[in-house]
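What follows is a set of notes on a single structure, which appears directly below.
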Amino acid sequence: MEVSYRGQTVGQIQVEVQSDGVRFVAECRVQTDDILRLYGLRDGCAPLRIDVAEPVGDSLRVQRTLSWYALRTAGYTADSLPTRYVLDAGDGSGLAESQPAVTGDAKLDALIMSGVVRCQPEAGGFCIQAPFAAGWACPLAFALTACTVTDGQAVLHVRRKSVPFQAERQMVE
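Per our numbering, residue 3 is the first one in the sequence shown, and the count goes up by one each step.
Set out below in structure tokens:
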């Protein structure tokens, strides 16, 4: 895959899925005095900060393995890794090309905007996911009773419009 800087292709990255996480190895040629960081981007997700690019000869190199837990915390899974990679001198906040989904709930929107949870649009609303593991704080703790837990992820389905709960009445004989 290509790595870009200021809209220009400047190098290549190899992404290797491993049992303990994902290994990223990038080699880039950029003429700058700025300290550059490598970010992975995917629509609907906050930028994934991979590492600072280190000078090696006349190029910049990044070599880093991110654990599955670190990736899940940032909102990425094996099925939803970054689709493009960029070098940036900033904190990555201006890199996202698409705006994250907004639910209208202040707590959920703050988590989405900070990149702590992953939010994807779905029919009629949003699917919000956060890492869930024993011994670790879950960002969706305030909504855990409304979540399902699947493959180490707390999953919350949110409707776009608030609909009052309507339970069906069933006769028990």
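We treat Cβ as the ideally placed atom computed from N, Cα and C, and that holds for glycine.
Please identify the residue among Arg66, Met3, Leu50 and Asp153 whose C-alpha is closest to the C-alpha of glycine 13. Comparing Cα-Cα distances from glycine 13 to each of Arg66, Met3, Leu50 and Asp153, the minimum goes to Met3.
Looking only at its own chain, which residues have a Cβ that is under 8 angstroms from the Cβ of arginine 31, when we skip the five neighbours before and after it? Excluding positions up to five away in sequence, the list reads Val12, Gly13, Asp60, Ser61 and Leu62.
Closest residue to alanine 72 among Ile114, Val151, Leu50 and Ser116 (Cα-Cα distance): Of Ile114, Val151, Leu50 and Ser116, the smallest CA-CA separation from alanine 72 is found for Leu50.
Closest by C-alpha distance to glycine 77, when choosing among Val5, Cys140, Glu29 and Phe144: The shortest Cα separation from glycine 77 among Val5, Cys140, Glu29 and Phe144 belongs to Cys140.
Serine 69 versus alanine 108: straight-line alpha-carbon distance, rounded: Whole-angstrom Cα-Cα distance: 30 angstroms.
Start-to-end residues for the beta strand (DSSP E) that takes in alanine 112: First-last for alanine 112: 108-116, but that is the alpha helix (DSSP H), not the beta strand (DSSP E).
Contact belief for glycine 117 with alanine 135 at Cβ below 8 angstroms, rounded distance in angstroms: In fact, because the Cβ distance is near 18 angstroms, the residues do not count as touching under 8 angstroms.
Kindly identify the DSSP beta-bridge partner or partners of threonine 75. Per the DSSP secondary-structure output, threonine 75 pairs with nothing in a beta bridge.
Between the beta-carbon of phenylalanine 26 and the beta-carbon of valine 19, is there less than 8 angstroms? No; because the gap between Cβ atoms is not below 8 angstroms, this pair is not in contact.
For tyrosine 7, which residues of its own chain have a beta-carbon under 6 angstroms away from its beta-carbon, when the five flanking residues on both sides are left out? Cβ neighbours of tyrosine 7 within its own chain (closer than 6 angstroms, five residues either side excluded): Val32 and Leu89.
Just mark valine 24 as buried or exposed, buried being the case when its beta carbon has 16 or more other beta carbons within 10 Å. Per the 10 Å Cβ criterion, buried.
Going by Cα to Cα distance, which pick from Arg74, Leu113 and Gln10 is closest to aspartate 22? That would be Arg74, whose Cα lies nearest to the Cα of aspartate 22.
Leaving out five residues before and five after threonine 67 in sequence, what residues of the same chain have Cβ atoms less than 8 angstroms from its Cβ? Same-chain partners within the cutoff: Gln20, Asp22, Gly23, Val24, Arg25 and Phe26.
Which residues DSSP lists as bridging glutamine 33, in chain order: Paired residues: none, contrary to the question.
Let's test the definition: count the other Cβ atoms within 10 Å of the Cβ of phenylalanine 128 and tell me whether it reaches 16, buried, or not, exposed. Phenylalanine 128 comes out buried.
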